[in-house]
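Protein chains: 2
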Amino acid sequence: MAQDFEFERIAQDGRARLGVLRTPRGEIQTPAFMPVGTAATVKAMLPGSVRETGADILLGNTYHLMLRPGAERIERLGGLHGFMNWDRPILTDSGGFQVMSLAQLRKLDEQGVRFKSHIDGSDWLLTPESSMEIQRQLGSDIVMAFDECTPHPADETTAEESMRLSMRWAQRSRDAFGDRPGYALFGIQQGSLYQDLRGESAAELRKIGFDGYAIGGLAVGEGQEAMFDVLDYAPDMLPEDKPRYLMGVGKPDDLVGAVQRGVDMFDCVLPTRSGRTGQAFTRRGVVNLKNARHANDPRPLDPDCACPACQGYSRAYLHHVFKSQEIISAMLLTWHNLHYYQELMAGMRAAIASGTLDEFVAAFHAQRAEGDLEPV
Amino acid sequence: MAQDFEFERIAQDGRARLGVLRTPRGEIQTPAFMPVGTAATVKAMLPGSVRETGADILLGNTYHLMLRPGAERIERLGGLHGFMNWDRPILTDSGGFQVMSLAQLRKLDEQGVRFKSHIDGSDWLLTPESSMEIQRQLGSDIVMAFDECTPHPADETTAEESMRLSMRWAQRSRDAFGDRPGYALFGIQQGSLYQDLRGESAAELRKIGFDGYAIGGLAVGEGQEAMFDVLDYAPDMLPEDKPRYLMGVGKPDDLVGAVQRGVDMFDCVLPTRSGRTGQAFTRRGVVNLKNARHANDPRPLDPDCACPACQGYSRAYLHHVFKSQEIISAMLLTWHNLHYYQELMAGMRAAIASGTLDEFVAAFHAQRAEGDLEPV
Chain A
1 MAQDFEFERI AQDGRARLGV LRTPRGEIQT PAFMPVGTAA TVKAMLPGSV
51 RETGADILLG NTYHLMLRPG AERIERLGGL HGFMNWDRPI LTDSGGFQVM
101 SLAQLRKLDE QGVRFKSHID GSDWLLTPES SMEIQRQLGS DIVMAFDECT
151 PHPADETTAE ESMRLSMRWA QRSRDAFGDR PGYALFGIQQ GSLYQDLRGE
201 SAAELRKIGF DGYAIGGLAV GEGQEAMFDV LDYAPDMLPE DKPRYLMGVG
251 KPDDLVGAVQ RGVDMFDCVL PTRSGRTGQA FTRRGVVNLK NARHANDPRP
301 LDPDCACPAC QGYSRAYLHH VFKSQEIISA MLLTWHNLHY YQELMAGMRA
351 AIASGTLDEF VAAFHAQRAE GDLEPV
Chain B
377 MAQDFEFERI AQDGRARLGV LRTPRGEIQT PAFMPVGTAA TVKAMLPGSV
427 RETGADILLG NTYHLMLRPG AERIERLGGL HGFMNWDRPI LTDSGGFQVM
477 SLAQLRKLDE QGVRFKSHID GSDWLLTPES SMEIQRQLGS DIVMAFDECT
527 PHPADETTAE ESMRLSMRWA QRSRDAFGDR PGYALFGIQQ GSLYQDLRGE
577 SAAELRKIGF DGYAIGGLAV GEGQEAMFDV LDYAPDMLPE DKPRYLMGVG
627 KPDDLVGAVQ RGVDMFDCVL PTRSGRTGQA FTRRGVVNLK NARHANDPRP
677 LDPDCACPAC QGYSRAYLHH VFKSQEIISA MLLTWHNLHY YQELMAGMRA
727 AIASGTLDEF VAAFHAQRAE GDLEPV
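Chains A and B, in that order, give the protein sequences. In terms of our numbering, the first sequence is residues 1 to 376. In terms of our numbering, the second sequence is residues 377 to 752.
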C-alpha cells in the first residue's frame, strides 16, 4: 500500500466486505459508490451537494480533462481538487477506455493509442507513461493503470492478446508511477468472460503489486447474468487485503449483486446521466418523470426519501420542469439519484456490519417488485 | 391597500425611498429586486439558494404558466408557492407583455388579446378578467393589472390610444379582482415618453385606486437617457404612500438611477439570463467568462464577493465549465449575478437609511470606471 493509504477490513458477511480506505484526503467507507465528475464537475451538482449525498470520493476522466482544459493547465492552477472545489479523494481513470469509445481515428499498438481529439481534431498519443504523468498533473489520489478495456464480445484468443497487452502496460504503468507517497496506483484485471484469463491477469497484477485492484472489461454489453458469472470468481482472485473496484457499474441491482460477490468500489454515470433525462432511481424501481401520468400527481417522487427533490416537490412539478427543459430538472433528479445511490451503499454497509446482508438484499428486491406508487 | 398589506416608508434620501412592504407571506425590503422565475423556477437555481442571495420576492410569468403546466392545474395542486417550493411573496405579471412578445398570430382589440400558444399552437384569449382569474388560480400575492405595453417608438396619438385602452383595462382589472383580503393589485402607468400622457395615466390609476403602482412601457428600447427622462417625473405622479414598481429593469446602473428617482421595486431577467451566457455582473463591470483571457487566471471573479462562485472557484474554472457547456456554469454565474444584484440593493437601502446615497452612487460609478481586474 502506498504510504498514507490504508485499507482496513472491518467486517465480512458472506463474501461481502465492509471496510474503510484511509487516504491523506479523507476516509472512504466501502462498499463505496463514486459519482462521476467527467470534466471537473459532477454534472448539475455543486460539490458541497455531492458531499451532502454521502459521497466520499469522486471519479474524474483523464481523457476529457487532458483535452480540455488540459492537464498542464490544471497542474499550474494547483491541481484538480482546488480547480473543481472538492478537497476529498479523487480517482482518475487512465483515459484508455474513453479514448477507445470517444476519440476519432484511434490506432492502438504496443506503445499506446494514437488518436484525434473529438473536440478539435488535434493529434494525441496516450501511453502508460503519459497516462501516469497526466494523472500526476491532475493530482489524482488514486491513479488507474493504463489498459485496454477488451471489447465485448471477444473470442478467447483476442481476449488473451488484449489482456496480455494490458498486463505489459500494467508493468509499464507501475514503473512510470514510481514512488509517490500519499498517492495510490490501482491495477486492472482483464480477461473478458474467460475464467482462466481472469486468473492469469490477477496473477500478473499480484506479481507487479498495486495498492488496489480493479475488475475491468465488464458492463460492456455482456448483461448482468454474464457479469455476475465473472464476479462469482474474479474478485476472489485478487488480494484479500486490498480494495476491489468494479469499473463502470452500474444499476442499483448490479451494485447489490456485486457487493454480495466481494466488490468494494464502484463508479457509474447512470445516476447523473439519468438525472438529466428524467429518470429517477427509487427503492420501488425506476420512475420516468417525462411520463404524462405524473402531470397532476401531488405526491413526492419517493415519500421516504430525504433528498431536496422529494422533500420540496411533487411529481407534477418534476414532470413540468422536465417537459419545460428547465435546468432545475437536472439539478433535482441528479441530486435524488446520487442520494439514492449513496443511501443504498450506506444500507449495504450497515447490513454487512450487522451480518444481515441477505435480509437487506431480500427486502431490496421485494420493494422493487412492488413497483412504483399506486395511482393517485 | 389590501388588507394585510402595508407599505411603510422608513427613510428618504433625495427622492430615493427606503421602505418595507409587509405581506401575509413575509416582508419585502425596498428598494427591492425581484428575480424572475418564469416557468415556476428561477432558472438554474434552487429556491433556497435564491433566498440565500437575499431575495424577498419572486416574479412569475402568467403567460408561460397558463400555457404550461396550466393555471387550473397549479390551482388544483395547491398554488404556485407550494408547486415551486417558495413560501415567500410572488408577484405575477398580467401576461399582456409576454403575449405580445412571444405568442403567435396575436390580435388585440377592446376585449383583450387573442393568440396562439408558441408551445403547441392552441388558441387562447387573454382579457383583464381572465388575467385576474389566472393570477388568482396561481395564488399570486401581488397581481398586476392587464395592460398593453405600448411599443417603442410610438407617436403621441398611438401612445395616447394605447394608454387609454390600458386605463379601461385597468378599471376592468380592478372590478374583476374584487375584494381579496391578503392579496394586492397593482395598476400600471403607461404613456410612452410623453409627460402629459404619463400624467393622465397616473390620474386615471389614482382614481381607480390600487395597492401599488407600476411604471410600464419603459426598458423597451428607448435607452437609459430617455428612460431616466421619464423617471425624472413619472414616479412622483404616483401616490407617495404606495410602492412604485419599474417593470423589466434592468442593468445595475439602471437600478441605481431609478432608485435615485424614487422607484421601490424592480424585476429583470438580466442577471439570470446573463448567468447562462457566461456574463457576470461585478462591482467592476461586466466580465465575459467565455473570453480566453480567463483560461489560466487563478483569481476569483470578484475577490470581494461572498457568493459560492467567487468563494470556491477561479476564473479559469468558470471559463472551463462555460466552454464545456457544463450546467454548473449556469448554476454558479446565476448565483453570482443574483447575489450581486441583491447586494447592490442592500447597499442602496443602507445608504438611504444613513442619508448617504449620493456617496454610494459616486463610489458605484468610480469602481466601475476602474474596470475589471488588472491582468495577472
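The beta carbon of each residue, even a glycine, is placed where N, CA and C say it ideally should be.
**Q.** Where residue 337 of chain B falls, given that 16 or more other Cβ within 10 Å makes a residue buried
**A.** The question about residue 337 of chain B has no answer here: the residues shown for chain B are numbered 377 through 752.
Q) Around the Cβ of residue 157 of chain A, are there at least 16 other Cβ atoms within 10 angstroms (buried) or fewer (exposed)? A) Stepping through the first sequence from its first residue, residue 157 of chain A is reached at position 157. Residue 157 of chain A should be labelled exposed.
Q. So which residues on chain B does residue 314 of chain A lean against when the C-beta distance must stay under 9 Å?
A. Translated into the one-based positions of the first sequence, residue 314 of chain A becomes position 314. The answer, in chain order, is 453, 454, 458 and 459.
Q. Is DSSP giving residue 155 of chain A helix, strand or coil here?
A. Here residue 155 of chain A is taken as the residue at index 155 of the first sequence, counted from 1. If DSSP states are grouped into helix, strand and coil, residue 155 of chain A belongs with coil.
Q. Name the chain B residues that come within less than 9 Å of residue 280 of chain A, Cβ to Cβ?
A. On the first sequence, position 280 is the one that residue 280 of chain A refers to. Ordered by position in chain B, no residue passes the 9 Å Cβ test against residue 280 of chain A, which lies about 17 Å from the chain.
Q.
For residue 503 of chain B, report the span of its beta strand (DSSP E) as first-last.
A. As a first step, residue 503 of chain B is located in the second sequence; it is residue number 127 there, counting from the start. Judged by DSSP secondary structure, residue 503 of chain B falls outside any beta strand (DSSP E); it is assigned neither H nor E.
Q: Assign residue 193 of chain A to one of two classes, buried (16 or more other C-beta atoms within 10 Å of its C-beta) or exposed (fewer than that).
A: For the purposes of this step, residue 193 of chain A is taken as residue 193 along the first sequence, with counting starting at 1. Result: buried.
Q. What residues from chain B crowd round residue 43 of chain A, counting only those whose CB sits closer than 8 Å?
A. For the purposes of this step, residue 43 of chain A is taken as residue 43 along the first sequence, with counting starting at 1. Taking a Cβ-Cβ cut-off of 8 Å, the neighbours of residue 43 of chain A in chain B comprise 702, 703 and 704, given in sequence order.
Q.
Helix, strand or coil, according to DSSP, for residue 383 of chain B in the structure here?
A. Position 7 of the second sequence, counted from the start, is the residue given in the question as residue 383 of chain B. Note: residue 383 of chain B maps to strand in three-state DSSP.
(Q) Only counting the same chain, and skipping five residues up and downstream in sequence, which positions put a Cβ closer than 6 Å to that of residue 481 of chain B? (A) Taking the second sequence and counting its residues from 1, the one referred to as residue 481 of chain B is at position 105. Shown here for residue 481 of chain B: same chain residues with a beta carbon closer than 6 Å to its own, the five before and five after excluded, namely 492 in chain order.
(Q) Determine, for residue 323 of chain A, whether the minimum Cβ-Cβ distance to residues of chain B falls below 9 Å. (A) Along the first sequence, read from residue 1 onward, the residue named residue 323 of chain A stands at position 323. So, interface residue.
Q | C-alpha gap between residue 599 of chain B and residue 420 of chain B, whole angstroms | A | In the second sequence, counting from the first residue as 1, residue 599 of chain B sits at position 223. In the second sequence, counting from the first residue as 1, residue 420 of chain B sits at position 44. Going from the Cα of residue 599 of chain B to the Cα of residue 420 of chain B covers about 29 Å.
Q.
Can you check whether the C-beta of residue 695 of chain B is within less than 9 Å of a C-beta belonging to chain A?
A. Position 319 of the second sequence, counted from the start, is the residue given in the question as residue 695 of chain B. Yes, contact with chain A.
Q) Comparing alpha-carbon positions, which option in A:16, A:10 and A:7 lies nearest residue 236 of chain A? A) Sequence index remark: in the first sequence, residue 236 of chain A carries index 236 (1-based). With distances taken between Cα atoms, residue 236 of chain A lies closest to A:16.
Q) Is residue 501 of chain B closer than 9 Å to residue 519 of chain B when the C-beta atoms are compared? A) The sequence position of residue 519 of chain B within the second sequence is 143, counting from 1. The sequence position of residue 501 of chain B within the second sequence is 125, counting from 1. Taking 9 Å as the Cβ cut-off, residue 519 of chain B and residue 501 of chain B do not qualify as a contacting pair.
Q. Would the beta-carbon of residue 217 of chain A fall within 9 Å of that of residue 191 of chain A?
A. Locating residue 217 of chain A in the first sequence gives position 217, counting from the first residue. Locating residue 191 of chain A in the first sequence gives position 191, counting from the first residue. Yes; because the gap between Cβ atoms is below 9 Å, this pair is in contact.
Q) For a contact meaning CB atoms closer than 9 Å, what does residue 61 of chain A contact in chain B? A) In the first sequence, counting from the first residue as 1, residue 61 of chain A sits at position 61. Simply none; closest approach about 12 Å.
**Q.** When B:407, B:384 and B:415 are compared against residue 319 of chain A, the one with the closest alpha-carbon
**A.** Mapped onto the first sequence, residue 319 of chain A falls at position 319. When each option's Cα is compared against that of residue 319 of chain A, the closest is B:415.
Q) What is the rounded straight-line gap between the Cα of residue 329 of chain A and the Cα of residue 355 of chain A? A) The sequence position of residue 329 of chain A within the first sequence is 329, counting from 1. The sequence position of residue 355 of chain A within the first sequence is 355, counting from 1. The straight-line gap separating the alpha-carbon atoms of residue 329 of chain A and residue 355 of chain A is approximately 38 Å.
Q. Rounded to a whole number of angstroms, what is the C-alpha to C-alpha distance between residue 634 of chain B and residue 439 of chain B?
A. If you number the second sequence from 1, residue 634 of chain B lands on position 258. If you number the second sequence from 1, residue 439 of chain B lands on position 63. Straight-line Cα distance between these residues: approximately 27 Å.
Q) DSSP on residue 379 of chain A, reduced to helix/strand/coil? A) There is no way to answer for residue 379 of chain A, as the model of chain A reaches only from 1 to 376.
(Q) Counting only beta-carbon separations shorter than 9 Å, does residue 624 of chain B have a partner in chain A? (A) Translated into the one-based positions of the second sequence, residue 624 of chain B becomes position 248. Not closer than 9 Å to any Cβ of chain A, the Cβ of residue 624 of chain B fails to qualify, so no.
Q: Using a cut-off of 7 Å between C-beta atoms, extract the partners of residue 410 of chain B located in chain A.
A: In the second sequence, residue 410 of chain B corresponds to position 34, counting from 1. Contact of residue 410 of chain B with chain A by beta-carbon distance below 7 Å is absent, the smallest such distance being about 18 Å.
Q. Does residue 424 of chain B get closer than 9 Å to chain A when you measure Cβ to Cβ?
A. Translated into the one-based positions of the second sequence, residue 424 of chain B becomes position 48. Yes, because at least one Cβ of chain A sits closer than 9 Å to the Cβ of residue 424 of chain B.
Q: Check the DSSP bridge columns for residue 664 of chain B and list the partner residues they point to.
A: As a first step, residue 664 of chain B must be located in the second sequence, where it is residue number 288. Residue 664 of chain B is bridged to B:655.
(Q) Rounding to the nearest angstrom, what Cα-Cα distance links residue 418 of chain B and residue 536 of chain B in this structure? (A) Position 42 of the second sequence, counting from 1, holds the residue named residue 418 of chain B. Position 160 of the second sequence, counting from 1, holds the residue named residue 536 of chain B. Near 35 Å, if we compare the C-alpha coordinates of residue 536 of chain B and residue 418 of chain B.
**Q.** CB contact check: residue 303 of chain A to chain B, cutoff 9 Å
**A.** Taking the first sequence and counting its residues from 1, one reaches residue 303 of chain A at position 303. For residue 303 of chain A, the answer is no, since every Cβ of chain B falls outside 9 Å of its Cβ.
Q: Could you pull out every unbroken alpha helix (DSSP H) segment of at least 4 residues lying fully inside the stretch 578-663 of chain B, listed in chain order?
A: Within the stretch 578-663 of chain B, the runs of alpha helix (DSSP H) at least 4 residues long that lie entirely inside it are, in chain order, 600-607, 628-636 and 646-651.
(Q) Pull the bridge partners of residue 107 of chain A from the DSSP assignment, please. (A) To locate residue 107 of chain A, count along the first sequence from 1; it is residue 107. The partner list for residue 107 of chain A (beta bridge, DSSP) reads A:114.
Q) Based on the DSSP output, what are the partners of residue 160 of chain A in its beta bridges? A) One-based indexing of the first sequence puts residue 160 of chain A at position 160. The partner list for residue 160 of chain A (beta bridge, DSSP) is empty, contrary to what the question assumes.
Q: Label residue 735 of chain B either buried or exposed according to how many other C-beta atoms from any shown protein chain fall within 10 Å of its C-beta, with 16 as the threshold for buried.
A: Against the second sequence, residue 735 of chain B aligns to sequence position 359. Classification for residue 735 of chain B: exposed.
Q: Give the secondary structure of residue 495 of chain B by DSSP, where H, G and I count as helix, E and B as strand, and everything else as coil.
A: Residue mapping note: residue 495 of chain B aligns to position 119 of the second sequence, counting from 1. DSSP places residue 495 of chain B in coil when its eight states are reduced to three.
Q.
Since residue 631 of chain B and residue 565 of chain B should fall inside the 8 Å C-beta cutoff, what is the C-beta to C-beta distance between them, to a whole number of angstroms?
A. Start at 1 with the first residue of the second sequence, and residue 631 of chain B comes out as number 255. Start at 1 with the first residue of the second sequence, and residue 565 of chain B comes out as number 189. Contact doesn't hold; Cβ gap of about 19 Å is too wide.
Q: At 9 Å on the CB atoms, spell out the chain B contacts of residue 331 of chain A, in chain order.
A: For the purposes of this step, residue 331 of chain A is taken as residue 331 along the first sequence, with counting starting at 1. Residues of chain B whose Cβ lies closer than 9 Å to the Cβ of residue 331 of chain A are, in chain order, 420, 421, 422, 703 and 707.
Q. Where does residue 425 of chain B land, buried or exposed, given buried means 16+ other C-beta within 10 angstroms?
A. Taking the second sequence and counting its residues from 1, the one referred to as residue 425 of chain B is at position 49. Flag for residue 425 of chain B reads buried.
Q) So, using beta-carbon positions, are residue 266 of chain A and residue 47 of chain A closer together than 9 Å? A) Here residue 266 of chain A is taken as the residue at index 266 of the first sequence, counted from 1. Here residue 47 of chain A is taken as the residue at index 47 of the first sequence, counted from 1. No; because the gap between Cβ atoms is not below 9 Å, this pair is not in contact.
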